[in-house]
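A.B. asks:
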Amino acid sequence: APFVGLFGTVWGITNAFIGISESHTTSLAVVAPGIAEALLATALGLVAAIPAVVIYNHLVRGIANYRALLADASAQLMLLVSRQRDHREFRLARAAE
Numbered sequence: 003a004p005f006v007g008l009f010g011t012v013w014g015i016t017n018a019f020i021g022i023s024e025s026h027t028t029s030l031a032v033v034a035p036g037i038a039e040a041l042l043a044t045a046l047g048l049v050a051a052i053p054a055v056v057i058y059n060h061l062v063r064g065i066a067n068y069r070a071l072l073a074d075a076s077a078q079l080m081l082l083v084s085r086q087r088d089h090r091e092f093r094l095a096r097a098a099e
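Using our numbering, read the sequence shown as starting at 3 and increasing by one per residue.
Below, the structure is given as structure tokens:
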């Protein structure tokens, strides 16, 4: 959507220049419609882009938090498995004595 807004801006400015070249004058009546079209396209692109960026940042932050949670859980699981293995080896060594 931001690129559509940018394309609309270029289109509107192009129309403004075409209007200037056709009328051979730079009066406000000639330039204003193209500029207004360009500004409207820019505004519509921003209306689509700003919420998209906010939502994207929220999702990225949530995924990063979830990855950290999974990393902590896997580290705790590895520690638990290591402790159980060490405890089992200790019991086997004591039983062998």
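Every residue, glycine too, gets a C-beta built ideally from N, C-alpha and C.
Exposed or buried, which one is T16 when buried takes at least 16 other CB atoms within 10 Å?
C.D. replies: That one is exposed.
A.B. asks: Kindly give me the distance between the Cβ atoms of G7 and L46, rounded to whole angstroms, as I take these residues to be in contact under 8 Å.
C.D. replies: That pair is a contact at about 5 Å.
A.B. asks: Note down the Cα distance separating F9 from A51, rounded to an integer number of angstroms.
C.D. replies: Taking the straight line joining both Cα atoms gives about 14 Å.
A.B. asks: If A43 sits next to G21, beta carbons under 8 Å apart, how far is it from one beta carbon to the other, in whole angstroms?
C.D. replies: A43 to G21, Cβ: 16 Å. No contact.
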